[in-house]
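In mature numbering (1 follows the signal peptide of the UniProt record, and there is no 0), the protein residues as written are -26 to -1, 1 to 234. All C-beta atoms, glycine included, are put in the ideal place defined by N, C-alpha and C. Everything on this sheet refers to the single structure shown next.
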């Protein structure tokens, strides 16, 4: 009768051979965060039920038509979110879904406590505050979702919301949020792409200094004589002076600097 194989030594030997030949099982890669949503709310949280608050096919379709008319769809805004904890019949309307699909759009009912609802930006916010809000979402690698009827938004707001460079940064494949620099909530940095760096400088209220700056050493850029950067919002090109990148801002505004 043949002798039974000693399985443990055999398994160990096979594993060693696999490792030597490069055939060892690959380690599981960390799961990447889902791509950010670019879209608009239909109505507001809590408006989906009750007298006069029901979300209808027409209200969803109207918001969708405005995405097309204003060319926000072409900019990347293709999602409509209906914030409601209860079923919304209009969201499941087959004819509406066909209508949206033909236009490259989609609608989704989400819970009122969905993070995208909680962080939605009021589309009619003044320009300086809108720049700051969009910049912060980008620095935190969050979705860009806006509230308000698109048809009522001023052209200045639509222009900022559709900014090509801002959308490109929001969609960056390196979906890792940035962090305050040196614990300063007014200064954030975020790694983008393979080796890029993004920095946001925000000014507080009227009592704060108009100049906001960051030391290049705090950005791990020490040793460079002059660090260049471009403000995404203004297109202005700046260089570090005396080891600092500095901008002058109005109260509540933000500069979004792409380093390099």
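Classified as buried, residue 83 has 16 or more neighbouring CB atoms from the shown chains inside 10 Å of its CB.
Put simply, the segment 69 to 82 does not touch the segment 107 to 123. Fewer than three CB pairs are less than 8 Å apart. A straight line joining the alpha-carbon of residue 67 with that of residue 44 spans about 25 Å. Here the alpha carbons of residue 156 and residue 49 stand approximately 34 Å from one another. Taken through DSSP and simplified to helix, strand or coil, residue 29 comes out as coil. In the displayed model, residue 202 falls within a strand according to three-state DSSP.
The DSSP assignment places complete alpha helix (DSSP H) segments of no fewer than 4 residues inside the segment 55 to 114 at 68 to 76, 89 to 92 and 101 to 113, in order along the chain.
From the listed residues 78, 19, 61 and 12, the smallest Cα separation to residue 35 is found for 78. By the neighbour-count definition (other C-beta atoms within 10 Å, threshold 16), residue 57 is a buried residue. The residues 225, in chain order, have a CB closer than 8 Å to that of residue 180 in the same chain once the five nearest residues on each side in sequence are set aside.
For the 8 Å CB-CB criterion, residue 231 and residue 186 do not form a contact. Under the three-state reduction of DSSP output, residue 232 falls in the strand class. Counting every other CB atom within 10 Å of its CB across the protein chains shown gives residue 227 a total of 16 or more, marking it as buried. DSSP, read as helix, strand or coil, puts residue 186 in strand. Annotation: the continuous alpha helix (DSSP H) that includes residue 142 extends over 138 to 144. A direct Cα-Cα distance of roughly 11 Å separates residue 111 from residue 164.
Bounds of the beta strand (DSSP E) holding residue 166 are 158 to 166.
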